[in-house]
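Trainee: Following this message is one structure expressed as structure tokens.
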Amino acid sequence: MIFVNLPVSDLNASMAFYQALGFDNNPHFTDETAACMVWSESIHVMLLTHDKWRHFTSRPIPSKDSSEVMLALSCDSQDAVDSMNHVAAIKGGTADINPKQELGFMYSRALADLDGHVWEAVWMDPAAIPPQS
3 MIFVNLPVSD LNASMAFYQA LGFDNNPHFT DETAACMVWS ESIHVMLLTH DKWRHFTSRP
63 IPSKDSSEVM LALSCDSQDA VDSMNHVAAI KGGTADINPK QELGFMYSRA LADLDGHVWE
123 AVWMDPAAIP PQS
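Numbering (the numbering used here), first residue to last: 3 to 135.
Put into structure tokens, the structure is as follows:
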């Protein structure tokens, strides 16, 4: 399992954003300082208020216009990739912060959440991956 921990400026707004993208909330690990948002059985995102974040590290929280990592989530179809990007935009995030990638066997679009954390929605057809030469 992986738990991605992200500092957020507005916990309730961030929870609503991630729920709109298709994440479920695990109330067992959610309180007024943190929310566990579940993408799959193996991928969980911990949304942490800035005060809670500072319990884990004294390193500064980056500004919304910087990027530390880009986290990729596998989607079931190209339509699901497009839908996630569309929902991100209407829920206050930023759609298509990087150019769309269409490689035949892979299709992806990147978005940023309310705090500028970068996610890439990806669809891949393993049967269409070009063979190695």
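Ideal Cβ placement from N, Cα and C applies to all residues, glycine included.
Please read all numbers here as calculations on a predicted model, not as lab measurements.
#1: Spatial neighbours of W55 within its chain, please: CB distance less than 6 Å, with the 5 preceding and 5 following residues excluded, ordered by chain position.
#2: Is it buried or exposed for N14, if we count other Cβ within 10 angstroms and need 16 for buried?
#3: Would you identify the three-state DSSP class for N28, choosing helix, strand or coil?
#4: Quick one: using the 10 Å Cβ neighbour count with 16 as the cut-off for buried, is S136 buried or exposed?
#5: List the residues that DSSP assigns as beta-bridge partners of V47.
#6: Short check: CB of G24 to CB of S65, under 9 Å?
#7: Which value, in whole angstroms, describes the spacing of the CA atoms of F31 and P101?
Mentor: Quick look at the numbers:
#1: Taken in chain order, the residues that qualify are P9.
#2: N14 comes out exposed.
#3: The answer is strand: DSSP assigns N28 an E or B state.
#4: Nothing can be reported for residue 136, as the shown portion of the chain is limited to 3 through 135.
#5: The bridge partners DSSP lists for V47 are V6 and M39.
#6: No, the pair does not count as a contact, with Cβ atoms beyond the cut-off.
#7: Going by the C-alpha atoms only, they are around 35 Å apart.
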